[in-house]
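**Q**
Numbering (my numbering), first residue to last: 37 to 119.
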């Protein structure tokens, strides 16, 4: 699902959904723990606790994230998972 559709309220990702970021030269994924219209709580690996650089982080952390369509490093998609 496109992040724009989530931001517009057309889709609300349930827990366990994979979210995808892009940046020039790379990307990142995490799992949705809970999500509101434009932000939510995620579980991510290879990130930081929120202090300092998040690039090549030092562990798995719970993070609060926001959809920012024009940021260089931004959430672009949500991929539902069937368990």
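Every residue, glycine too, gets a C-beta built ideally from N, C-alpha and C.
For clarity, every value in this text was computed on a predicted model and none was experimentally measured.
Report the residue from 86, 66, 84 whose alpha carbon sits nearest the alpha carbon of residue 78.
**A** On the chain shown, residue 78 is found 42 positions in, with the first residue counted as 1. When only C-alpha atoms are compared, the closest one is 66.
**Q** Quick test of your reading: residue 108 and residue 60, contact by CB under 8 Å. State the CB separation rounded to the nearest angstrom.
**A** For the purposes of this step, residue 108 is identified with residue 72 of the chain shown, where counting begins at 1. For the purposes of this step, residue 60 is identified with residue 24 of the chain shown, where counting begins at 1. Yes, they are in contact, since the Cβ atoms of residue 108 and residue 60 sit about 7 Å apart, within 8 Å.
**Q** When DSSP labels each residue in this structure, what does residue 68 get in the three-state scheme?
**A** Stepping through the chain shown from its first residue, residue 68 is reached at position 32. In the structure shown, residue 68 sits in a strand (DSSP, three-state: E or B).
**Q** For residue 38, write down the residues that DSSP places opposite it in a beta bridge.
**A** Counting from 1 along the chain shown, the entry for residue 38 is found at position 2. Beta-bridge pairing links residue 38 to 113.
**Q** With DSSP as the reference, please indicate the residues paired to residue 79 in a beta bridge.
**A** Here the question's residue 79 lines up with position 43 in the chain shown. In DSSP, residue 79 forms a bridge with 67, 98.
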